[in-house]
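Visitor: Sharing a structure here in structure tokens format.
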Amino acid sequence: MKYEYVTERGSLVRALSNLENSPYVFLDTETAGNRIRLFQLGNEESIFVIDLFDLPEAVELIRELISRKGIVGHNLKFDLKFMYPLEIIPYATFDTMIGSFLLGYERHSLSYVAERLLGYTLDKSLQLSDWSRTNLTKQQIEYAATDVLIVRELFAKMKERLNSIGGTDRGEELLNTRTARVFGLTNPVTIVEMAFVQEVAKLELSGIPVDEEEIERLSREFEKKLQRLIMDFYIKYRIDPMSPKQIGNFLTRRLGLSLPETQKGNLSTDDKTLAEFSHKREVGEILEIRRIKKALDKLKELSGYISKGRVYPDFKQIGAVTGRMSSSNPNVQNIPRDMRSLFKAEEGNLFVIADFSQIELRIAAEYVGDESMLRAFREGKDLHRYTASLVLEKPEEEISKEERQLAKAMNFGLIYGISARGLSEYARSSYGVNLELDAADVFRQKFFKFFHAFKEWHDRVKRELKENKEVTGTTLLGRSYRATTFTDAVNYPIQGTGADLLKLAVLMFDVEMRKKGLEGRVVNLVHDEIVVECPEDSAQEVKKALEHAMVQAGHIVLKNVPVEAESVVNERWVKG
DNA sequence: GAACACAGCG
DNA sequence: ACGCTGTGTTCT
């Protein structure tokens, strides 16, 4: 393999000028301790391994080069998180790991993808070797160069495959972006995901500010409270309230409750099952203990990750096959609504909090082209109320709260692949609406009579699934997935298009902020919601920029239905 | 250590 | 009924 180990100023200058001949460079880094030791940069002909221990001044030159070049690498989030603090910011990004996700491969490590696409077997044992030693071994340097070589070959293959993904007439605007032009990409969702890598790196570097004192105070308070409740419960009943098994037996024997069975034949004691018995003292006590326990778990989770007043979660850019992100360590996408006030902007800053309203239903209406639902959205109707009035055949003004809830269950069922049984179950457990099975079926049929395009869509998916055992779902920006069950097949394009839209909105927000010279950073993303932290003086302008970006993104993805974003400015992460 | 149960979110 | 992650118990 041809590569050059660069440790002197003269060869550095030659190397970097050699890299000028292409709009992008292949890049990898090796880190020692907390910083970058090696920069491996390559083009189609050459690979240079630049040692920052010998050449600290290379940072300036690399910064200048990279600010004008796209970079191609595997899992670039990792490298970018070291590069951003050095103010090395690429002009565009292409990540072969993200490519692997988009092409639906089952694993995404460089070695797996190289094996799968190139037939190579990689030895990664040197990855964890000592990169801080003064003199690196020849093997280490060669190993460092190899990754870039592999990525270079992967890029060509992957780009071709990604560009051959067809099947969308949306997002033509995206062909004019840096990412599309630099790398020659044509599939809109590929363009979005490749550009989005930088957003995820920034998001992780930003972290989220928390009210540390309040979290610690509540932790202590809840800890004490829980200890007491558990102790009292045990003394009274000689039962461990943390054990579902013991609770199941206890409630059956002592209170004579007949509980349904779980998957493994135990007695179910979950919240939904116990809800109807909550008036009984023992059940009430269990539910109270569970409530406190859950809150304490979340407090502990958060407090274990606080560093200088912020938590720094890991975000997976593609955490679900649908393209949604996920968050962990800590998970900041499942914070209980009544605990969100524990997130507090830094002194002098405020949060701007915005979400898309009823976005999945709007997407569904457009996706299947259901004229009656599209019309309802265009007329600004409350869709749940509207559905209730159609199905129950009475004016919208006369729809009760409970009836609206029922219709809401039906509308959601539509997105998840409705069944009469599912509807009946869901209506009861989530909304406390009692609905017999045959009544549910009548409603379901009526529902499909009014939203006829949904009926046709469901039938088409069922038929195709029967014939081919699988159906390829495609989002409005061209993300695709092979579904093997009906519910997956109908849910994927809807949830997936929602993911497309959120990511595009964040990218457009970034552009908007730059254009207006505003300061502010995205600190959390929760599927249809964007949380930004910015200086308090500019919060109103940032709010406008965010709303604008979200609606503009909406116009790119959805052509036949209005998209609405609701936003507030607040010191804490609450909308009220 | 894996599988399950439970609970939080969209 | 769709998509996630964290914690604790229970089973192997």
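The first sequence begins at 265 in the working numbering and counts up one residue at a time.
The beta-carbon is built from N, C-alpha and C at its ideal position, and this holds for glycine as well.
1. If we ignore side chains and look at the alpha-carbon of each, how far apart do V377 and G686 end up?
2. Suppose you measure from the CA of T526 to the CA of V706; what does that come to, to the nearest Å?
3. Find the nearest neighbour of F579 within the set V697, E828 and F460, judged by alpha-carbon distance.
4. Can you name, in chain order, every residue of its own chain whose Cβ lies under 7 Å from the Cβ of I335, other than the five neighbours on each side?
5. Measuring CB atoms only, is the region 763 to 771 touching the region 475 to 484, in the sense that at least three cross pairs come out at less than 8 Å?
6. Within a Cβ cutoff of 7 Å, which residues of the same chain sit near N451, ignoring the five residues on either side of it in sequence?
7. What's the C-alpha gap between L740 and K333?
8. Using three-state DSSP, classify V787 as helix, strand or coil.
9. According to DSSP, simplified to helix, strand and coil, what is Q816?
10. Going straight from the alpha carbon of D535 to that of A703, what length do you get?
11. Any contact between the region 299 to 306 and the region 370 to 385? By contact I mean 3 or more CB pairs, one from each, below 8 Å.
12. Between which residues of its own chain and L456 is the CB-CB distance below 6 Å, once the five residues before and five after are set aside?
13. DSSP on P799, reduced to helix/strand/coil?
14. Who are the near neighbours of I820 in its chain, counting only those whose CB is closer than 8 Å to its CB and skipping five residues on each side?
15. Under 8 Å, with one C-beta from each stretch per pair, do the region 389 to 396 and the region 404 to 416 reach the 3-pair mark?
16. Okay, do the region 626 to 646 and the region 817 to 832 touch, 3+ Cβ pairs below 8 Å being the bar?
17. Determine the extent of the alpha helix (DSSP H) in which A378 is found, giving its start and end residues.
18. In chain order, which continuous runs of the beta strand (DSSP E) of length 3 or greater are located wholly inside the region 546 to 602?
19. From this set, K345, F365 and N834, which residue's C-alpha is nearest S605's C-alpha?
20. Threshold first: 4 residues or longer. Then list the alpha helix (DSSP H) segments lying entirely within the region 705 to 789, N to C.
21. Please report how far the alpha carbon of K808 lies from the alpha carbon of S396, in whole angstroms.
22. S591 and P577: beta carbons closer than 9 Å?
23. Going by DSSP, which residues form a beta bridge with Q304?
24. Taking a contact to mean a Cβ-Cβ separation below 9 Å, would you say S649 touches A671 in this structure?
25. Assign I511 to one of three DSSP states: helix, strand, or coil.
26. If L490 and I582 are in contact, beta carbons under 8 Å, what's the gap, nearest whole angstrom?
27. Name the two residues that bound the continuous alpha helix (DSSP H) containing S286.
28. Over the uninterrupted alpha helix (DSSP H) stretch that includes G677, give me the two end residues.
29. V270 bridges to which residues according to DSSP?
30. I need the boundaries of the alpha helix (DSSP H) containing Q629, first residue and last residue.
31. Counting pairs of beta carbons, one from the region 612 to 626 and one from the region 811 to 819, are three or more of them closer than 8 Å?
32. DSSP state of K608, grouped into three classes?
33. Taking just the CA atoms, how far does K572 sit from V787?
34. Between the alpha carbons of G512 and R492, how many angstroms are there, rounded?
35. Is the beta carbon of I570 closer than 9 Å to that of E476?
36. Straight-line CA distance for R708 to P505?
Guide: Concretely, from the data shown:
1. Start at 1 with the first residue of the first sequence, and residue 377 comes out as number 113. Start at 1 with the first residue of the first sequence, and residue 686 comes out as number 422. For V377 and G686, the distance between alpha carbons rounds to 40 Å.
2. Here the question's residue 526 lines up with position 262 in the first sequence. Here the question's residue 706 lines up with position 442 in the first sequence. Using only the alpha carbons, I get a separation of about 29 Å.
3. Here the question's residue 579 lines up with position 315 in the first sequence. Per the Cα distances, F460.
4. Taking the first residue of the first sequence as position 1, residue 335 is located at position 71. Answer for I335: Y288, V289, L291, P354 and T357, listed in chain order.
5. no
6. Residue 451 sits at position 187 when you count from the first residue of the first sequence. Contacts found: L426, N427, I429 and G742.
7. Your numbering for residue 740 matches position 476 in the first sequence. Your numbering for residue 333 matches position 69 in the first sequence. Each residue's alpha carbon lies about 30 Å from the other.
8. Locating residue 787 in the first sequence gives position 523, counting from the first residue. Strand, per DSSP.
9. For the purposes of this step, residue 816 is taken as the residue at position 552 of the first sequence. Correct three-state label for Q816: helix.
10. For the purposes of this step, residue 535 is taken as residue 271 along the first sequence, with counting starting at 1. For the purposes of this step, residue 703 is taken as residue 439 along the first sequence, with counting starting at 1. For D535 and A703, the distance between alpha carbons rounds to 25 Å.
11. no
12. Your numbering for residue 456 matches position 192 in the first sequence. In the sequence as presented, Leu is not what sits at residue 456; that position holds Val. So the qualifying residues of the chain are K767 and L768.
13. Taking the first residue of the first sequence as position 1, residue 799 is located at position 535. Here P799 sits in strand by DSSP.
14. Translated into positions along the first sequence, residue 820 becomes position 556. These residues qualify, in order along the chain: R434, G435, E437, L438 and L768.
15. Yes, the region 389 to 396 is in contact with the region 404 to 416.
16. Counting Cβ pairs under 8 Å, three or more are found: they touch.
17. Taking the first residue of the first sequence as 1, we reach residue 378 at position 114. Where A378 is concerned, the enclosing alpha helix (DSSP H) starts and stops at L374 to L382.
18. Those beta strand (DSSP E) runs which fall completely within the region 546 to 602 and span 3+ residues are 578 to 580 and 590 to 592.
19. What you label residue 605 is simply residue 341 of the first sequence in a count that begins at 1. Of the candidates K345, F365 and N834, the one whose C-alpha sits nearest the C-alpha of S605 is N834.
20. Annotation note: the region 705 to 789 contains the following uninterrupted alpha helix (DSSP H) runs of length 4 or greater, listed N- to C-terminal: 716 to 732 and 750 to 780.
21. Here residue 808 is taken as the residue at index 544 of the first sequence, counted from 1. Here residue 396 is taken as the residue at index 132 of the first sequence, counted from 1. Going from the Cα of K808 to the Cα of S396 covers about 47 Å.
22. Stepping through the first sequence from its first residue, residue 591 is reached at position 327. Stepping through the first sequence from its first residue, residue 577 is reached at position 313. Result yes, Cβ atoms of S591 and P577 sit closer than 9 Å.
23. If you number the first sequence from 1, residue 304 lands on position 40. According to DSSP, Q304 bridges with D292 and V313.
24. The residue labelled residue 649 in the question sits at position 385 within the first sequence. The residue labelled residue 671 in the question sits at position 407 within the first sequence. According to the sequence shown, residue 649 is Arg rather than Ser. For R649 and A671, yes; Cβs fall inside 9 Å.
25. The count along the first sequence starts at 1 and reaches residue 511 at position 247. Note: I511 maps to helix in three-state DSSP.
26. Residue mapping note: residue 490 aligns to position 226 of the first sequence, counting from 1. Residue mapping note: residue 582 aligns to position 318 of the first sequence, counting from 1. 37 Å between Cβ atoms; not a contact.
27. The residue given as residue 286 occupies position 22 in the first sequence. Looking at the DSSP string, S286 is not in any alpha helix (DSSP H), and its letter there is neither H nor E.
28. Position 413 of the first sequence, counted from the start, is the residue given in the question as residue 677. Per DSSP, G677 is one residue of the alpha helix (DSSP H) stretching across K665 to Y680.
29. For this step, residue 270 is matched to residue 6 along the first sequence. I314, per the DSSP bridge assignment.
30. Here the question's residue 629 lines up with position 365 in the first sequence. Note on identity: in this sequence residue 629 is Ala, with Gln being the wrong assignment. Its alpha helix (DSSP H) spans residues I623 to V632.
31. yes
32. The residue given as residue 608 occupies position 344 in the first sequence. DSSP places K608 in strand when its eight states are reduced to three.
33. Residue numbering aside, residue 787 sits at position 523 when the first sequence is read from its first letter. Residue numbering aside, residue 572 sits at position 308 when the first sequence is read from its first letter. Answer to the nearest angstrom: the Cα atoms are 15 Å apart.
34. Here residue 512 refers to the residue found at position 248 of the first sequence. Here residue 492 refers to the residue found at position 228 of the first sequence. Distance between the alpha carbons of G512 and R492 is about 22 Å.
35. Within the first sequence, residue 476 is the residue found at index 212, counting from 1. Within the first sequence, residue 570 is the residue found at index 306, counting from 1. A contact, by the Cβ cut-off of 9 Å.
36. The count along the first sequence starts at 1 and reaches residue 708 at position 444. The count along the first sequence starts at 1 and reaches residue 505 at position 241. Taking the straight line joining both Cα atoms gives about 40 Å.
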